[in-house]
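Colleague:
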Amino acid sequence: MERNGIKEYILTNDGSTTIKHIKDPNKMYDAQHDKSLYIMNVDVSDSGRYFCNDESAVELTVIPSGTRTQTVEEGKDTTIKCLNASEGYKPSWSREIAGKPERIRSAVPPGGEKLKITQVQLSDFGLYFCNGKPAVYLKVTKNNKHRGGILEKGIARATLAGNRMTTSMITEMTTKTVTQISGTASTSETTTNTRTDVLDTTTRQDKYLSISVKVKVGILILLTIIIIIYFAWRGRSDRRDKRCDVSDDVN
Numbered sequence: 001m002e003r004n005g006i007k008e009y010i011l012t013n014d015g016s017t018t019i020k021h022i023k024d025p026n027k028m029y030d031a032q033h034d035k036s037l038y039i040m041n042v043d044v045s046d047s048g049r050y051f052c053n054d055e056s057a058v059e060l061t062v063i064p065s066g067t068r069t070q071t072v073e074e075g076k077d078t079t080i081k082c083l084n085a086s087e088g089y090k091p092s093w094s095r096e097i098a099g100k101p102e103r104i105r106s107a108v109p110p111g112g113e114k115l116k117i118t119q120v121q122l123s124d125f126g127l128y129f130c131n132g133k134p135a136v137y138l139k140v141t142k143n144n145k146h147r148g149g150i151l152e153k154g155i156a157r158a159t160l161a162g163n164r165m166t167t168s169m170i171t172e173m174t175t176k177t178v179t180q181i182s183g184t185a186s187t188s189e190t191t192t193n194t195r196t197d198v199l200d201t202t203t204r205q206d207k208y209l210s211i212s213v214k215v216k217v218g219i220l221i222l223l224t225i226i227i228i229i230y231f232a233w234r235g236r237s238d239r240r241d242k243r244c245d246v247s248d249d250v251n
């Protein structure tokens, strides 16, 4: 896992044994036979980039409880309001993706109670903060008529109430957002007791390695059989020659 530029190893699993590399007294992390990483009681601090076999797999963004989601289409304008602005003070704005600070692209320098973004790009998505507190999670939908920007891939939202989330390690970079709630609250998109599964895929490198090993083993077995047949034939030939020599001596 990588957060704020710092990489930390969580666990290693060989299919039967799990070795944890971090302190985990609450048993938050676990791995299953399908190579999925299970995170119990997801928290905002779990946001970050997750790796599988040192390859980027998932960018996870955990949305704090009570944070609203604002959806805007690519190419249009949008305004984000600061709900906790203090009178007489200019709000400070910031943005995060998977726990990593990102630059805010705004028409005017951030500093007012409203943050206006013109001609929204797909790369403008993320969790926006006002005065250090979550203001809104901005989700940008793709406009096929509009070109440019970076596609926000594989958005997966889940509502969790003290349950667990499954983050399967996949080779293609994806982005996950998880809404953290308390009690039995739910949203129109998802409900409580939801488990998000992303099917595991085997890397091409593993496939090629497996095929290479099988081919080499097959060649080795074939060579062994040829050697055995050769020496067996050679042995019979030597014995036959000896019998012929003995017969000549007798005559």
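Each step along the sequence shown adds one to the number in the UniProt record's numbering, with nothing skipped, and position 183 is 183.
By construction, the Cβ of each residue, glycine as well, lies at the ideal position given by its N, Cα and C atoms.
Remember, predicted model here, so these are calculated numbers, not experimental data.
Do L115 and I63 count as a contact pair if the criterion is CB distance below 8 Å?
Modeller: No.
Colleague: Helix, strand or coil: how does DSSP classify K114 here?
Modeller: Note: K114 maps to strand in three-state DSSP.
Colleague: Comparing C-alpha positions only, which one of E2, C52 and D24 sits nearest to N13?
Modeller: Ranking E2, C52 and D24 by Cα distance to N13 puts C52 first.
Colleague: Along the beta strand (DSSP E) that carries K133, what are the first and last residues, could you check?
Modeller: K133 to T141 is the extent of the beta strand (DSSP E) around K133.
Colleague: Residues bridged to I104 by DSSP?
Modeller: Partner(s): none; I104 has no beta bridge.
Colleague: May I ask you to list the residues that DSSP assigns as paired with C52?
Modeller: Bridge partners of C52: E55.
Colleague: Taking the continuous beta strand (DSSP E) assigned at C130, which residues delimit it?
Modeller: It spans G126 to C130 - the beta strand (DSSP E) in which C130 sits, taken as one unbroken run.
Colleague: Between V213 and I219, what straight-line distance do the alpha-carbon atoms span, to the nearest angstrom?
Modeller: About 10 Å.
Colleague: How many angstroms separate the CA atom of Y137 from the CA atom of I221?
Modeller: Roughly 59 Å separates the two Cα atoms.
Colleague: Identify which residue in S86, V44 and E59 has its Cα closest to the Cα of T67.
Modeller: Per the Cα distances, V44.
Colleague: Please name the residue, chosen from S36, S94, D46 and K139, that lies closest to N131 on a Cα-to-Cα basis.
Modeller: Here the closest residue by C-alpha is S94.
Colleague: Taking 8 Å as the cut-off, does the region 33–41 touch the region 98–106 (at least 3 CB pairs, one atom from each stretch)?
Modeller: With a cut-off of 8 Å, the region 33–41 and the region 98–106 do not count as touching, because too few Cβ pairs lie within range.
Colleague: Less than 8 Å between the CB atoms is what I'm expecting for V140 and V72, so what's the real figure, rounded?
Modeller: Correct: roughly 6 Å between the Cβ atoms.
Colleague: Are the beta-carbon atoms belonging to G48 and Q119 less than 8 Å from one another?
Modeller: No, Cβ-Cβ distance for G48 and Q119 is not below 8 Å.
Colleague: On the CB-based measure, 16 or more other CB atoms within 10 Å of its CB, does A158 come out buried or exposed?
Modeller: The predicted model places A158 with a pLDDT of 34, which falls under 50 and marks its position as unreliable; any figure quoted below should be read in that light. Buried, because 16 or more other Cβ atoms sit within 10 Å of the Cβ of A158.
Colleague: From the DSSP output, in three-state form, read off K23 for me.
Modeller: K23: coil per DSSP, three-state reduction.
Colleague: Tell me the residue span of the beta strand (DSSP E) that contains R95.
Modeller: R95 -> beta strand (DSSP E) spans W93 to I97.
Colleague: Any idea which residues DSSP pairs D30 with across the strands?
Modeller: Paired residue(s): Y38.
Colleague: Count the other CB atoms, across all protein chains shown, that sit within 10 Å of the CB of P25; report buried if there are 16 or more and exposed otherwise.
Modeller: The residue in question, P25, is exposed, as its Cβ has fewer than 16 Cβ neighbours within 10 Å.
Colleague: Could you say which of M1, I228 and N144 lies nearest to S56 if we only look at CA atoms?
Modeller: Taking only the C-alpha atoms, the option nearest S56 is M1.
Colleague: Classify R164 as helix, strand or coil using the three-state DSSP reduction.
Modeller: Summary for R164: the model assigns pLDDT 46, below 50, so the residue's position carries little reliability, and this model does not support an answer.
Colleague: Label V42 either buried or exposed according to how many other C-beta atoms from any shown protein chain fall within 10 Å of its C-beta, with 16 as the threshold for buried.
Modeller: Classification for V42: buried.
Colleague: Kindly identify the DSSP beta-bridge partner or partners of N13.
Modeller: T18.
Colleague: Reducing DSSP to helix, strand and coil, say where R3 ends up.
Modeller: Residue state, collapsed to three classes: strand.
Colleague: Measuring alpha carbon to alpha carbon, tell me which residue in L127, T61 and Q121 is nearest C82.
Modeller: Measuring from the Cα of C82, the nearest candidate turns out to be L127.
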